[in-house]
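Trainee: Residue 452 in this note's numbering is what sits at position 175 of the sequence shown, and the numbering runs on without skipping anything.
Backbone N, C-alpha and C define an ideal beta-carbon position, used for all residues, glycine too.
Given the structure is predicted, the values throughout are model-derived calculations rather than measurements.
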Amino acid sequence: MLYVACEGESTEPDYLRYLNEQFGDGDDGRRPFRIQPVYRKNGMTPAKVVEAVREAAAEDEAWALFDRDSHHEIPQAVKAAAEYGIEFAFSHPSFDLWLLLHFQTLTGAQSGSSKIVVEKLRQATDAFKDYDKRGDKSVKGARRDALKGREGRAVANARSLVASCAAGRCRPDHARTEPVERDAEPRSSQEWAARSGHAQECPILRRDPSTDVWRLLVALGIHEDES
Ligand SMILES: [Zn+2]
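1. Below 6 Å CB to CB, which residues in the same chain sit around Ala471 once its five sequence neighbours on both sides are set aside?
2. Sorted by chain position, which residues of the same chain lie with C-beta nearer than 6 Å to Thr382's C-beta, five sequence neighbours on each side aside?
3. Based on DSSP bridge pairs, tell me the residues matched to Ser487.
4. So Glu338 and Pro456 are in contact, right, with Cβ under 8 Å, and what is the actual spacing, rounded?
5. On the DSSP bridge list, what partners appear for Tyr280?
6. Near Asp291, which residues of its chain fall below 7 Å by C-beta distance, leaving aside the five closest residues on each side in sequence?
7. Going by DSSP, which residues form a beta bridge with Lys410?
8. Kindly confirm or deny that the region 353-369 and the region 304-321 touch, where touching means at least three C-beta pairs closer than 8 Å.
9. Using beta-carbon positions only, say whether Ala282 and Ala324 come within less than 9 Å of one another.
10. Of the choices Glu364, Ala440 and Glu284, whose alpha-carbon is the least far from that of Ser347?
11. Of all the options Cys479, Ser487 and Ala452, which has the alpha carbon lying nearest to the alpha carbon of Val495?
12. Could you check if Glu298 is buried or exposed, using at least 16 other CB atoms within 10 Å of its CB as the buried criterion?
13. If I measure Cβ to Cβ from Arg436 and keep anything under 6 Å in the same chain, skipping five residues before and after, which residues do I get?
14. Would you mind listing the alpha helix (DSSP H) stretches within the region 428-453 that are 4+ residues and don't spill past its ends, in chain order?
15. Name, in chain order, the residues that DSSP records as bridge partners for Glu364.
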């Protein structure tokens, strides 16, 4: 059992339920897991996401998912996550990038705007053609089916984004996915944010575009670490 808190009230919780249903029972060689999604109606800010999962998980494994979007409190969220041993998966510009990477990669800085990501996702497959229209950011039914079997590709694409990060010394094979001791000594924000494979000196807000969600899949054993 692990707790995963997220900003959104629809896309991420739907996706986490999909992971439970698709992979949660385990398989030959893969351990079973159960994600408890933590979210709020009308969403949460990054700092609130970390706080909410800290409360919900107590001593259990805890992850926080948050996006660049237009948030200003990301450094505080990272600091709190580092202090309490909460893993985080940051997406720049947004979680939608993780969905897009199941179909194609993305190059060039997005400057915090998810507009191009969403447009490309709509074009990538019929199932997502109405994504984020009339507020529908759900990941159910045909959208869920469209993601199935593509997780390896998404992981590979996300790792490539680390390798091509403009900071230059970022390497996906430096990423860490082993379980963390919740009660270990607090780490620095830089050290904690480098679990993504980005270099410690790579400022988190400059990781554009990138998403760390792939580390969650590797940590759960859904996808094998290639490093
Ligand atoms: Zn980097």
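Mentor: Checking against the coordinates, here is how it stands:
1. Gln477
2. Asn434
3. His369
4. 6 Å
5. Gln313 and Ala339
6. Ser415, Val416 and Lys417
7. Asp413
8. no
9. no
10. Glu284
11. Ala452
12. exposed
13. Pro449
14. 428-440
15. Trp340
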